[in-house]
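Below: one structure, written as structure tokens.
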Amino acid sequence: MDVQAAIKNQVTSNPVVLYMKGSPKFPQCGFSGLAIQILQACGVQNLVAVDVLADPAIRDGIKVYANWPTIPQLYINGEFIGGSDIMRTMYEQGELQKLLAEVAA
Amino acid sequence: MLSANELKTYITNGLACEHIEVRGDDGQHFEALIVSPTFVGKNMVQQHQLVYQALGDRMRSEIHALSMRTFTPEAWHANGKRI
Numbered sequence: 119m120d121v122q123a124a125i126k127n128q129v130t131s132n133p134v135v136l137y138m139k140g141s142p143k144f145p146q147c148g149f150s151g152l153a154i155q156i157l158q159a160c161g162v163q164n165l166v167a168v169d170v171l172a173d174p175a176i177r178d179g180i181k182v183y184a185n186w187p188t189i190p191q192l193y194i195n196g197e198f199i200g201g202s203d204i205m206r207t208m209y210e211q212g213e214l215q216k217l218l219a220e221v222a223a
Numbered sequence: 145m146l147s148a149n150e151l152k153t154y155i156t157n158g159l160a161c162e163h164i165e166v167r168g169d170d171g172q173h174f175e176a177l178i179v180s181p182t183f184v185g186k187n188m189v190q191q192h193q194l195v196y197q198a199l200g201d202r203m204r205s206e207i208h209a210l211s212m213r214t215f216t217p218e219a220w221h222a223n224g225k226r227i
């Protein structure tokens with residue numbers, strides 16, 4: 119399976135996927151750390167976190183997949199939601215909590 | 145070292161902006177507030193993509209981190225021109 123197909127499979131077979139640098143416990147970048155903090159504040163239960171530093175093919179491939187040059191990237195039900203700036207804005211507006219509650223139900 | 149002013153020029157060269165502020169003085173981490181009429185009718189992902197598009201390959205090479213807030217002119221005025 120090529121990397122684009124693998125990413126598609128990953129984001130569509132899991133309700134909530136975050137591509138990040140490092141792990142939720144040990145984020146390796148401030149933006150990834152912020153993304154995790156926001157998701158935890160939303161009470162996310164079913165998060166799949168993918169460490170792109172562990173896989174260079176995914177790290178490059180994910181930027182192409184969403185036409186988005188930066189990491190972190192959040193996907194809910196296969197849909198690209200945004201990076202940490204958008205996550206923060208949606209969290210402040212209560213939108214992210216709503217989306218996550220829908221997929222947890 | 146990339147300055148906030150240079151980054152601002154890169155963005156405005158590729159995207160018509162009504163208002164733009166770029167901060168950051170370490171050459172790597174920047175914060176931008178961008179108001180553009182091109183954002184009208186686009187969601188946040190599409191608005192950020194337009195900024196990334198204006199920056200092109202620089203986003204992969206020169207710029208390590210760019211945090212941004214994007215507004216349509218209407219949203220910016222409704223917001224009282226404040227972040």
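First to last, the sequence lines map onto chains X and B. One rule links them: number in the numbering used here = place in the first sequence (from 1) + 118. One rule links them: number in the numbering used here = place in the second sequence (from 1) + 144. Glycine included, every Cβ here is placed at the ideal spot set by N, Cα and C. Remember, predicted model here, so these are calculated numbers, not experimental data.
For residue j and residue i, believed in contact at Cβ under 8 Å, the rounded distance
i	j	result
Phe207/X	Met188/B	Looking at the sequence itself, residue 207/X is Thr, so the reference to Phe does not match. That pair is a contact at about 7 Å.
Met205/X	Leu218/X	Met205/X to Leu218/X, Cβ: 11 Å. No contact.
Leu194/B	Leu159/B	6 Å
Asp169/B	Ala148/B	7 Å
Ala209/B	His173/B	5 Å
Residue i, DSSP secondary structure in three states
i	result
Tyr142/X	Sequence inspection shows Pro at residue 142/X; the Tyr mentioned does not correspond to that position. Three-state DSSP puts Pro142/X in coil, outside helix and strand.
Ala167/X	strand
Glu206/B	coil
Gly161/X	coil
Gly151/X	helix
Val184/B	coil
Residues bridged to residue i [DSSP beta-bridge criterion]
i	result
Met212/B	Ala176/B
Gly200/X	Leu192/X
Glu210/X	Paired residue(s): none; Glu210/X is not in a bridge.
Glu165/B	Leu177/B
Val135/X	Val166/X, Tyr193/X
Buried or exposed by the 16-neighbour rule on C-beta atoms within 10 Å, applied to residue i
i	result
His221/B	exposed
Lys181/X	buried
Ser205/B	exposed
Pro133/X	buried
Neighbour list for residue i in chain B, Cβ cutoff strictly below 8 Å
i	result
Thr207/X	Met188, Arg213
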